[in-house]
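Trainee: Counting from 3, one number per residue, gives the positions in the sequence shown under this note's numbering.
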Amino acid sequence: MSIHFGVDYYPEHWPRERWETDAQLMKEMGIQVVRMAEFSWFQMEPQEGVFRFQWLEEAVNLLDQYGIKTILGTPTAAPPAWIIEKNPEIQPIDREGRRRYFGGRHHCCQSNQTYRGHIRRFVTAMSEKFADNPGVIGWQIDNELGNSHTDLCMCNSCRLYFQKWLLKKYGTIARLNSAWGTAFWSQGYNKFSQVRTPLITAAGENPSAMLDWKCFCSDLIVDFAKWQADIIREKCPNHFITHNYMCFDDKVNYYDLGELLDFVSNDVYPGHWQEGSHQPLYQTAAAHDVVRSYKKQPFWIMEQQSGMTGWEIMGRLPKPNQLSAWAMQSVAHGADAVVFFRWRTCAVGTEQFWHGILGHSGKPGRIYDELKHLTETFADYMDAFAGSMPKPEVAIVHNFRQNYAFQIQPHHPKLTYVKELYKYYRAFYEKKIPVDFVQDTDDLSGYKLVIAPLQFLMTPQLEQHYFDYVENGGHLVLTMRTGVKDAANRCMTERELPGRLGELCGITIPEYDCLLESTGGVLYGKKEYVIKKWCDIIELQGAKCLAEYSTGFYKQSPAITENAYGQGIAWYIGTEPDQELMEDLLSYFERCSEIATLGTAADGVEMMTRESQDQIWLFVINHTDDEQVYHLHDRYELLEGEREEFLHPFEVQLFTKQKK
């Protein structure tokens with residue numbers, strides 16, 4: 003059975019006599035799968051060892067009668083009150099040493115062995131109960147791992163786990179002292195048991211220690227997920243296992259977590275944004291592309307927005323057909339299945355105003371009709387291009403450790419790693435050029451152009467990787483703050499910046515300037531542009547100057563350079579370009595790299611392709627509430643859509659062509 007459209011369903015929130023009405027409406031809408039039970043521990047185990055799975059089994063069986071399969075979530079993000087009463091020590095501790103208490107969710111320490119014992123008991127019983135149920139096809143481990151755990155947990159259990167993690171990594175305390183540079187501020191340790199979790203200090207913190215802590219937290223979450231996955235795989239060998247990611251969120255390294263999963267899933271809410279506005283289109287698109295990168299295969303959307311969002315404050319109401327456009331944006335970037343959150347708007351609890359397909363009344367309305375039309379229109383096509391992937395010519399390097407390093411020392415208060423990635427991604431997105439995200443260790447040879455922003459932490463292996471890519475004909479863009487530190491987050495001392503990569507770029511950087519509460523300018527071509535946040539003061543060592551500073555005492559010195567190396571080219575951007583300069587620069591890089599665009603259209607019109615071995619599908623999506631026109635740069639057959647090169651508000655058009 004092919005699964006492409008689903009909903010997140012909470013039958014425990016509604017009377018039993020309503021369930022069959024829901025199942026019938028789901029079937030009529032084209033729903034093929036539900037996710038259930040990820041927050042229902044108390045309903046399934048109201049007392050220790052007293053399991054009440056009957057209600058869930060009844061719901062699974064009822065849905066299966068209507069041809070709707072079930073994904074079960076392990077409810078370990080919300081342990082019930084009786085566990086907290088018995089074992090209050092499982093509640094997490096924040097950086098200020100305060101305990102976070104029961105009453106919301108994520109009120110648990112993931113290292114605590116007592117809590118893991120509760121999990122083993124419960125997940126074993128749950129997986130045994132549903133192992134042979136024909137209505138169950140897979141599992142979601144926990145829910146949004148890392149969500150709400152930004153500064154958690156720093157209890158004694160986590161301290162012991164951290165010490166064991168450090169012992170395994172360093173072997174001796176002398177090696178740890180060397181890696182952390184503990185000669186500074188008398189921070190040396192005599193034994194691992196003296197190392198604490200990073201509770202808030204009187205002043206400052208050790209960047210190397212903080213990098214290890216962030217990496218430890220990620221490894222702990224991966225271990226926590228594996229703890230459950232191992233149980234489920236033993237008891238349910240015929241079921242898949244996934245987890246619902248959160249785009250670029252960084253508490254856990256999603257590449258590492260993905261190794262445990264059969265495929266990754268994602269939660270996406272384009273309308274849940276600051277001050278009620280919608281998330282910028284390019285950021286939603288980038289989120290899909292990075293999720294696709296975590297396992298380099300198609301993914302699922304486990305929570306796709308289906309109405310207004312909000313806990314205390316609500317976002318904007320999606321306009322007619324906007325939800326469909328968002329859903330097909332997910333598909334265009336690699337989603338093989340879209341599961342809408344949620345089926346019916348809840349009448350109780352924190353999420354009473356996080357709206358679903360049905361409102362509080364449970365009566366079908368505009369949104370139900372819109373999404374029913376979506377499933378009817380695209381279900382057969384979903385079968386056709388399931389498993390296909392976008393095949394971009396451009397890649398942007400993404401790395402969790404680089405992100406961690408900039409969280410610890412951002413340099414400029416407004417400089418953040420992911421936002422810097424967005425700036426480069428946006429320029430390609432608006433030019434209708436598909437993009438992949440890659441890890442820095444990935445094979446880059448299949449890309450004509452690779453953008454590697456903020457390569458702050460550097461190793462000899464990564465340096466050589468970039469040398470090899472360019473020497474063999476690749477086009478590489480490096481940026482400010484490249485090659486500053488080693489893998490332990492210690493500043494390099496043997497060469498001027500950007501270290502050995504200076505040979506690749508044909509430059510050295512003896513000085514730099516932070517544009518704190520200021521901006522600067524550069525001259526590129528015959529035009530002056532605004533720059534922000536940072537200026538690397540560059541000296542040419544064989545490179546060509548593409549743009550020079552027009553402000554500061556370093557006025558007329560190089561800001562952006564180009565260097566031919568081997569069969570390829572290395573560009574260095576020593577500052578943060580504004581949007582206009584970014585667009586003009588990338589146009590130049592695209593021409594040099596012979597990058598093809600899919601077409602031309604106004605901002606708000608998205609183009610994206612997915613490819614199988616012999617076929618290409620092209621999606622053209624109007625994300626605006628105005629009519630739009632566009633032009634494609636290749637010939638395709640129109641499969642869905644009223645008129646080629648014309649779009650109604652929020653219209654989705656689908657094209658195809660055979661590969662030559």
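We treat Cβ as the ideally placed atom computed from N, Cα and C, and that holds for glycine.
All values derive from a computational prediction rather than experimental measurement.
1) Could you name the residues of the same chain whose beta carbon sits closer than 8 Å to that of Asp264, not counting the 5 residues immediately before and after it, in chain order?
2) Going residue by residue through the region 254-306, where are the continuous alpha helix (DSSP H) segments of at least 4 residues, counting only ones entirely within it?
3) Whose CA, out of Arg101, Leu147 and Gly148, lies closest to the CA of Met156?
4) So within the region 114-178, which uninterrupted alpha helix (DSSP H) runs reach at least 4 residues, ignoring any that extend past its ends?
5) What does the alpha-carbon distance come out to for the pair Lys421 and Glu30?
6) Taking one C-beta from the region 404-420 and one from the region 607-620 each time, how about it: are there three or more such pairs within less than 8 Å?
7) Using 8 Å as the threshold, is the region 205-222 in touch with the region 127-147, meaning 3 or more CB pairs across them?
8) Since I believe Glu608 is in contact with Leu283 (beta carbons under 8 Å), could you give me their beta-carbon distance rounded to a whole number of angstroms?
9) Within 10 angstroms of its Cβ, does Asp438 collect 16 or more other Cβ (buried), or is it exposed?
10) Following the continuous alpha helix (DSSP H) through Asp24, name the residue where it begins and the one where it ends.
11) Within the same chain, show all residues whose beta-carbon is closer than 8 Å to that of Leu542, passing over the 5 residues directly before and after it, in chain order.
12) Would you say the region 530-542 touches the region 440-459, given that touching needs at least three Cβ pairs under 8 Å?
13) With which residues is Phe355 paired in a DSSP beta bridge?
14) By the three-class DSSP mapping on this structure, what secondary structure does Pro579 have?
15) In the DSSP assignment, what residue or residues form a beta bridge with Asp10?
16) Looking only at its own chain, which residues have a Cβ that is under 6 Å from the Cβ of Ala287, when we skip the five neighbours before and after it?
17) Excluding the 5 residues flanking Thr461 on each side, which residues of the same chain have their C-beta closer than 8 Å to its C-beta?
18) With distances taken between CB atoms, is the gap from Phe124 to Trp43 smaller than 8 Å?
19) Going by DSSP in three states, Val197 sits in which element: helix, strand or coil?
20) Excluding the 5 residues flanking Gly51 on each side, which residues of the same chain have their C-beta closer than 8 Å to its C-beta?
21) Going by beta carbon distance, what residues of the same chain come within less than 6 Å of Thr553, once the five residues before and after it are set aside?
22) With C-beta atoms as the reference, is Asn491 less than 8 Å away from Leu459?
23) So what's Asp385 in DSSP terms, helix, strand or just coil?
24) By the DSSP assignment, the alpha helix (DSSP H) with Asp66 in it spans what residues?
25) For the region 370-377 against the region 23-39, are there 3 or more C-beta pairs whose distance is under 8 Å?
26) Skipping 5 residues on each side, what residues in its chain have a beta carbon closer than 8 Å to that of Tyr370?
27) Quick one: what does DSSP say Trp229 is sitting in, helix, strand or coil?
28) Going by Cα to Cα distance, which pick from Ser267, Val622, Pro512 and Trp187 is closest to Lys298?
29) Taking C-beta to C-beta, are Ile571 and Cys594 nearer than 8 Å?
30) Among Gln189, Pro94, Tyr383 and Phe402, which one has its Cα closest to the Cα of Cys160?
31) Assign Leu478 to one of three DSSP states: helix, strand, or coil.
32) Once DSSP output is grouped into helix, strand and coil, what is the label at Phe104?
33) Can you have a look at Ile233 and say buried or exposed, based on whether 16 or more other CB atoms are within 10 angstroms of its CB?
34) For the alpha helix (DSSP H) containing Leu506, list its first residue and its last residue.
35) Consult DSSP for Arg403 and reduce its assignment to one of helix, strand or coil.
36) Met38 and Pro77: beta carbons closer than 8 Å?
Mentor: For this structure:
1) Gly140, Phe242, Ile243 and Thr244
2) 256-260 and 283-297
3) Arg101
4) 115-132 and 158-172
5) 42 Å
6) At 8 Å Cβ cutoff, the stretches do not touch.
7) no
8) The Cβ separation is near 7 Å, so the contact holds.
9) So Asp438 counts as buried.
10) Trp21 to Met31
11) Gly508, Ile509, Pro560 and Thr563
12) no
13) BP columns for Phe355 are empty, so no partner.
14) Of the three classes helix, strand and coil, the one that applies to Pro579 here is strand, per DSSP.
15) Arg37
16) Sequence-distant Cβ neighbours of Ala287 in its own chain, meaning closer than 6 Å and more than five residues away, are Tyr431.
17) Asp488 and Ala489
18) Cβ distance < 8 Å, so Phe124 and Trp43 count as in contact.
19) Secondary structure at Val197: coil, using DSSP grouped into helix, strand and coil.
20) Arg123
21) Gly522 and Gly523
22) yes
23) helix
24) Gln56 to Gln67
25) yes
26) Leu27, Met31, Ile359 and Leu360
27) It is helical.
28) Ser267
29) yes
30) It is Pro94.
31) strand
32) coil
33) buried
34) Leu503 to Cys507
35) In the three-state reduction of the DSSP assignment, Arg403 falls in the helix class.
36) no
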